[in-house]
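*Asks:* First the structure, then my questions, so here it is.
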Amino acid sequence: MITKVDRLELVRRWKHEIAHAGYVPLQRSDVDDQLADCLEHVLGELACPDRAGEARQAGADLVPLHFTSPAMLSRSLKLLALELPELLPEVAPERLFGVLGEFAAGFAGKLREKTVDEQEVVLKHAVGHTRQVGDEALRASRARFDAVFDSAALGVALAGTNGVITEANPALGAMFGRDPGELVGVLITDLADQRWRAGVTGALAELAAGAEDRAALDVRYTLPDDSELWTRISPALVRDAQGEPDYLVLLYEDITHRHLLQEQFRRQAVQDPLTGLANRTQLESCLHAALTPVYPGRRVGLCLFDLDGFKAVNDSLGHRSGNGLLREVARRLRVLAAPDSAVVARTSGDEFAVVIPDSIDATAVIDLVERLLAEITRPIRIGQHELTASASVGIVEREVVGTDADALLRDADITLYRAKRDGRALWVLYDPERNAREHENFRLSAALPAALQSNELFVEYEPVLDVPGGSVIAAAATVRWDHPELGELGAERFAGLAEETGLLTRLGGWTLEQAGEHAARWVGELGRSAPLVAVTLSARHCREPDLVREVRDVLARTGLPAESLVLCLPESALFDHQGDPVDTLEIFAELGIRLFVHEFGSRYTRVDRLRDLPLAGVRLDGPFLSGLADPGGADPLSEHLVSSAVGAARLLELPVLAAGVEHERQAARLVELGVSMIQGPYVGDRLSAGEIGGFVTGRG
Numbered sequence: 001m002i003t004k005v006d007r008l009e010l011v012r013r014w015k016h017e018i019a020h021a022g023y024v025p026l027q028r029s030d031v032d033d034q035l036a037d038c039l040e041h042v043l044g045e046l047a048c049p050d051r052a053g054e055a056r057q058a059g060a061d062l063v064p065l066h067f068t069s070p071a072m073l074s075r076s077l078k079l080l081a082l083e084l085p086e087l088l089p090e091v092a093p094e095r096l097f098g099v100l101g102e103f104a105a106g107f108a109g110k111l112r113e114k115t116v117d118e119q120e121v122v123l124k125h126a127v128g129h130t131r132q133v134g135d136e137a138l139r140a141s142r143a144r145f146d147a148v149f150d151s152a153a154l155g156v157a158l159a160g161t162n163g164v165i166t167e168a169n170p171a172l173g174a175m176f177g178r179d180p181g182e183l184v185g186v187l188i189t190d191l192a193d194q195r196w197r198a199g200v201t202g203a204l205a206e207l208a209a210g211a212e213d214r215a216a217l218d219v220r221y222t223l224p225d226d227s228e229l230w231t232r233i234s235p236a237l238v239r240d241a242q243g244e245p246d247y248l249v250l251l252y253e254d255i256t257h258r259h260l261l262q263e264q265f266r267r268q269a270v271q272d273p274l275t276g277l278a279n280r281t282q283l284e285s286c287l288h289a290a291l292t293p294v295y296p297g298r299r300v301g302l303c304l305f306d307l308d309g310f311k312a313v314n315d316s317l318g319h320r321s322g323n324g325l326l327r328e329v330a331r332r333l334r335v336l337a338a339p340d341s342a343v344v345a346r347t348s349g350d351e352f353a354v355v356i357p358d359s360i361d362a363t364a365v366i367d368l369v370e371r372l373l374a375e376i377t378r379p380i381r382i383g384q385h386e387l388t389a390s391a392s393v394g395i396v397e398r399e400v401v402g403t404d405a406d407a408l409l410r411d412a413d414i415t416l417y418r419a420k421r422d423g424r425a426l427w428v429l430y431d432p433e434r435n436a437r438e439h440e441n442f443r444l445s446a447a448l449p450a451a452l453q454s455n456e457l458f459v460e461y462e463p464v465l466d467v468p469g470g471s472v473i474a475a476a477a478t479v480r481w482d483h484p485e486l487g488e489l490g491a492e493r494f495a496g497l498a499e500e501t502g503l504l505t506r507l508g509g510w511t512l513e514q515a516g517e518h519a520a521r522w523v524g525e526l527g528r529s530a531p532l533v534a535v536t537l538s539a540r541h542c543r544e545p546d547l548v549r550e551v552r553d554v555l556a557r558t559g560l561p562a563e564s565l566v567l568c569l570p571e572s573a574l575f576d577h578q579g580d581p582v583d584t585l586e587i588f589a590e591l592g593i594r595l596f597v598h599e600f601g602s603r604y605t606r607v608d609r610l611r612d613l614p615l616a617g618v619r620l621d622g623p624f625l626s627g628l629a630d631p632g633g634a635d636p637l638s639e640h641l642v643s644s645a646v647g648a649a650r651l652l653e654l655p656v657l658a659a660g661v662e663h664e665r666q667a668a669r670l671v672e673l674g675v676s677m678i679q680g681p682y683v684g685d686r687l688s689a690g691e692i693g694g695f696v697t698g699r700g
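Mapping of the sequence shown onto the UniProt record's numbering: residues 1 to 700, in sequence order.
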């Protein structure tokens with residue numbers, strides 16, 4: 001949103017640029033208003049695609065103010081192209097350049113119309129008048145015509161209906177870099193470049209036949225010095241006294257400057273300004289062309305490259321070095337992909353796409369990708385630094401029939417995500433089954449915030465049995481999702497997605513609140529027999545600076561005694577980056593909250609680090625627990641791992657809770673090894689908050 005102050009300042013600077021272009025009468029009272037109106041039209045079309053045509057009209061409205069200098073147009077466009085991206089950062093560059101191109105086209109069209117009308121009226125009047133006067137008047141009229149003919153700013157040629165030039169004025173000679181006399185006797189069509197000759201021939205033929213009285217067309221020429229000339233030709237037919245075609249008057253307007261400027265804007269609309277590669281808009285056009293089934297069995301390949309660790313380059317060496325790295329990677333991709341007729345595009349900050357039309361098969365595409373990766377990883381010299389880049393790549397290769405650009409991009413995106421998640425610096429080929437699962441994961445990720453607000457999530461509890469006493473001493477909270485399409489989902493299905501999307505902390509806070517309310521109700525109903533409530537926190541949630549305040553607020557709002565709350569924390573959350581215990585542990589312990597370490601024994605644990613921490617116990621999780629349920633006897637490795645973990649806990653003088661216990665054999669062996677608490681299907685099914693009271697009473 002551009003403020004009123006920004007608008008006024010932009011109009012002021014616009015006037016300044018126009019003054020430098022040589023426009024003198026800037027003191028007219030309506031100039032500011034006219035420029036402000038033009039700016040509003042441009043901004044309006046940028047803000048709302050439904051207002052198409054306003055920018056073109058804005059350009060045209062400048063001409064009646066006599067803003068007719070090419071330098072004025074150039075300065076105006078450069079100013080707008082420089083200022084508007086900063087004032088409207090939300091507008092895509094390709095859209096901005098497209099609208100500015102329309103602005104330039106409106107100006108050029110109106111100026112051409114004005115110039116051609118004025119010159120043609122004068123010339124046709126002068127030529128026609130020579131036929132209607134006597135000798136003396138004829139000489140005077142001819143003199144006036146010669147004066148206009150020789151001094152005209154536009155190039156002017158007279159030609160027979162056969163298209164051969166009979167007269168050419170100095171402006172036309174200067175335009176073509178030749179003496180005007182050299183153009184006499186030249187066929188008009190022969191001046192144009194080969195590609196444009198057919199259009200000139202057709203227009204002149206219609207005039208010569210009398211079917212039309214005037215025409216207009218843009219034509220390109222290559223001059224003797226190999227430079228490029230663009231002109232707007234406006235040929236008009238002059239008829240004789242009987243109304244029959246007599247000869248032609250042709251006006252040539254040099255539009256090279258405007259054409260190149262418009263071409264620059266058109267190119268910028270489809271080109272990445274940093275690397276010169278195609279941008280996302282051009283990529284989509286290339287995909288649509290590559291997906292056209294011009295012959296049976298046509299195939300296409302799409303590869304998305306994402307540079308690994310690019311942010312570290314920007315953060316450590318600065319954006320100039322980062323931009324240099326991107327430009328060099330882009331250059332290498334373009335050069336190496338060209339022999340395969342592949343199109344390379346930059347789709348976002350450090351992401352590139354390679355489209356391979358008419359691919360042979362997946363093997364050929366993979367071969368190209370491996371060559372591209374090898375080229376990317378060659379050292380890159382940026383200033384005083386030698387950098388080494390790597391990239392992750394998602395590859396899709398298939399027949400064009402049955403797919404479209406959106407599906408191709410979506411599948412490549414998901415495949416790239418898998419490549420980055422699986423370790424980076426590697427390529428991954430599209431797998432329909434795995435991508436279907438990933439696509440479902442993305443759907444779940446997108447739906448999770450709304451599910452939290454619409455009460456699709458709920459908390460159930462797994463009873464925790466104190467083996468020596470035979471009583472239920474706690475209930476472990478577990479979050480479930482009643483998905484409208486997929487049915488009931490366990491936390492293991494969406495907890496990882498919540499962490500990737502940054503929702504895990506919010507989900508953990510919600511679980512704390514729900515569990516606190518439920519446990520406070522148990523205390524009110526069961527008194528001293530009420531079970532503790534155990535809530536597992538993620539490492540990310542534990543790192544939240546407001547965690548202590550959040551827990552205190554939950555206890556205060558729900559009325560739950562702190563002694564009734566058990567927090568299960570990952571080992572990584574117990575220490576800061578220097579390896580010192582976090583202050584949170586002492587604060588929770590002082591409040592009376594019991595702290596357990598979960599997934600204890602699943603990885604190498606430095607027992608000495610845990611020795612002096614205010615812990616109340618440890619929880620064993622993991623697949624090795626199921627090895628104790630083998631009917632043929634406990635798996636030796638599983639038993640060794642469990643025994644080691646229990647032994648470490650014994651050295652710390654901490655009780656051990658085993659989760660996921662399914663069978664009596666498994667429970668018995670765990671107790672023999674020193675486990676004192678168990679939870680899982682063997683103890684009982686998951687229960688709602690309302691069912692916990694009855695279950696505890698029944699076990700008692």
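We put the beta carbon where it would ideally sit given N, CA and C, even for glycine.
Should V393 and L457 be called a contact, given that it needs their Cβ atoms to be closer than 8 Å?
*Replies:* Their beta carbons are not under 8 Å apart, which means V393 does not touch L457 by this criterion.
*Asks:* Compare the C-alpha of D583 against each of D225, V548, S76, G592 and name the closest.
*Replies:* Of the candidates D225, V548, S76, G592, the one whose C-alpha sits nearest the C-alpha of D583 is V548.
*Asks:* Check for me: the alpha helix (DSSP H) holding V401 runs from which residue to which?
*Replies:* Here V401 belongs to no alpha helix (DSSP H), and DSSP marks it neither H nor E.
*Asks:* Straight-line CA distance for I366 to L336?
*Replies:* Whole-angstrom Cα-Cα distance: 14 Å.
*Asks:* Ignore the nearest five residues each way along the sequence and tell me which others in L77's own chain have a CB closer than 8 Å to its CB.
*Replies:* Correct list, in chain order: L100, F103, A104, L261, F265.
*Asks:* Just mark G632 as buried or exposed, buried being the case when its beta carbon has 16 or more other beta carbons within 10 Å.
*Replies:* With fewer than 16 Cβ atoms within 10 Å of its Cβ, G632 is classed as exposed.
*Asks:* Does the distance from the CB of R232 to the CB of E253 come in under 8 Å?
*Replies:* It is a contact, given that the beta carbons lie within the stated cut-off.
*Asks:* Skipping 5 residues on each side, what residues in its chain have a beta carbon closer than 7 Å to that of G592?
*Replies:* If we look at G592 and ignore the five residues flanking it on each side, its Cβ neighbours are A562, E563.
*Asks:* If you run the structure through DSSP and keep just helix, strand and coil, what is Y682?
*Replies:* Note: Y682 maps to coil in three-state DSSP.
*Asks:* Here's a check: name, in chain order, each residue in its chain whose Cβ is nearer than 6 Å to the Cβ of C286, leaving out the five neighbours to either side.
*Replies:* The residues are V343, V355.
*Asks:* So, with DSSP's three-state summary, where would you put I2?
*Replies:* Three-state DSSP puts I2 in coil, outside helix and strand.
*Asks:* Cα-Cα, which of H598, D213, E525, A362 is closest to G243?
*Replies:* Of the listed residues, the one whose Cα sits closest to G243 is D213.
*Asks:* If we ignore side chains and look at the alpha-carbon of each, how far apart do S538 and P623 end up?
*Replies:* So the two alpha carbons sit approximately 20 Å from each other.
*Asks:* For V607, count neighbouring C-beta atoms within 10 Å of its own C-beta (all shown protein chains included) and say buried if the count is 16 or more, exposed if not.
*Replies:* So V607 counts as exposed.
*Asks:* Is it the case that the CB of D150 approaches a heavy atom of the ligand MN more closely than 7 Å?
*Replies:* For the ligand MN, the structure offers nothing, since it holds no ligand at all.
*Asks:* Going by other Cβ atoms of all chains shown within 10 Å of its Cβ, with 16 needed for buried, is E45 buried or exposed?
*Replies:* It counts as buried.
*Asks:* S234 lies in the beta strand (DSSP E); which residues open and close that run?
*Replies:* Taken as a continuous stretch (DSSP letters only), the beta strand (DSSP E) holding S234 covers 228-239.
*Asks:* Starting from H483, trace the beta strand (DSSP E) both ways and give me its first and last residue.
*Replies:* It spans 471-483 - the beta strand (DSSP E) in which H483 sits, taken as one unbroken run.
*Asks:* Start and end of the beta strand (DSSP E) containing P357?
*Replies:* Element bounds for P357: 351-357.
*Asks:* For T697, collect the residues of the same chain with a Cβ closer than 8 Å to its Cβ; drop the 5 residues on either side in sequence, then sort them by chain order.
*Replies:* Within the same chain, T697 has close Cβ partners L526, S529.
*Asks:* For G181, report the span of its alpha helix (DSSP H) as first-last.
*Replies:* Unbroken alpha helix (DSSP H) run through G181: 180-183.
*Asks:* Report yes if the C-beta distance between A447 and P463 is below 8 Å; otherwise report no.
*Replies:* Going by C-beta atoms, A447 is not nearer than 8 Å to P463.
*Asks:* Please report the straight-line C-alpha distance between V646 and H577, rounded to a whole angstrom.
*Replies:* Computed Cα separation, rounded: 27 Å.
*Asks:* Does the segment 300-315 come into contact with the segment 386-403, if we say contact requires no fewer than three beta-carbon pairs (one atom in each stretch) closer than 8 Å?
*Replies:* Because the criterion of three Cβ pairs below 8 Å is met, the segment 300-315 and the segment 386-403 touch.
*Asks:* Once DSSP output is grouped into helix, strand and coil, what is the label at P362?
*Replies:* Residue identity differs from the one stated: residue 362 is Ala in this sequence, not Pro. In this structure, A362 counts as helix in the three-state DSSP scheme.
*Asks:* With a threshold of 6 Å on Cβ separation, who are the neighbours of T558 within its own chain once the five nearest residues in sequence on each side are excluded?
*Replies:* Taken in chain order, the residues that qualify are G516, E517, A520.
*Asks:* Pull up the distance between the alpha-carbon of G684 and that of P89, whole angstroms please.
*Replies:* The alpha-carbon atoms of G684 and P89 are separated by roughly 58 Å.
*Asks:* For A589, which residues of its own chain have a beta-carbon under 8 Å away from its beta-carbon, when the five flanking residues on both sides are left out?
*Replies:* Cβ within range, chain order: L595, P614.
*Asks:* Looking at C-alpha atoms only, which residue of P432, A407, D406 is the closest neighbour of R418?
*Replies:* Considering only alpha carbons, the answer is P432.
*Asks:* Entirely within the segment 563-591 and at least 4 residues each: give me those alpha helix (DSSP H) ranges in chain order.
*Replies:* The segment 563-591 contains these whole alpha helix (DSSP H) runs: 583-591.
*Asks:* Which term fits D225, buried or exposed, when burial requires 16 or more other beta carbons within 10 angstroms of its beta carbon?
*Replies:* When all chains shown are included, D225 counts as exposed.
*Asks:* Is Q271 helix, strand or coil when you go by DSSP?
*Replies:* Looking at Q271 - three-state DSSP - the assignment turns out to be strand.
*Asks:* Would you kindly report the start and end of the unbroken alpha helix (DSSP H) that includes D33?
*Replies:* That run of the alpha helix (DSSP H) goes 31-47.
*Asks:* Considering only their Cβ atoms, is the gap separating Y461 from A477 smaller than 8 Å?
*Replies:* Result yes, Cβ atoms of A477 and Y461 sit closer than 8 Å.
*Asks:* For the alpha helix (DSSP H) holding L191, just list the boundary residues, first then last.
*Replies:* 188-191 is the extent of the alpha helix (DSSP H) around L191.
*Asks:* For L26, which of helix, strand or coil comes out of DSSP?
*Replies:* Low confidence applies to L26: its pLDDT is 49, below 50, so where it sits in the model is not reliable enough to give any reading.
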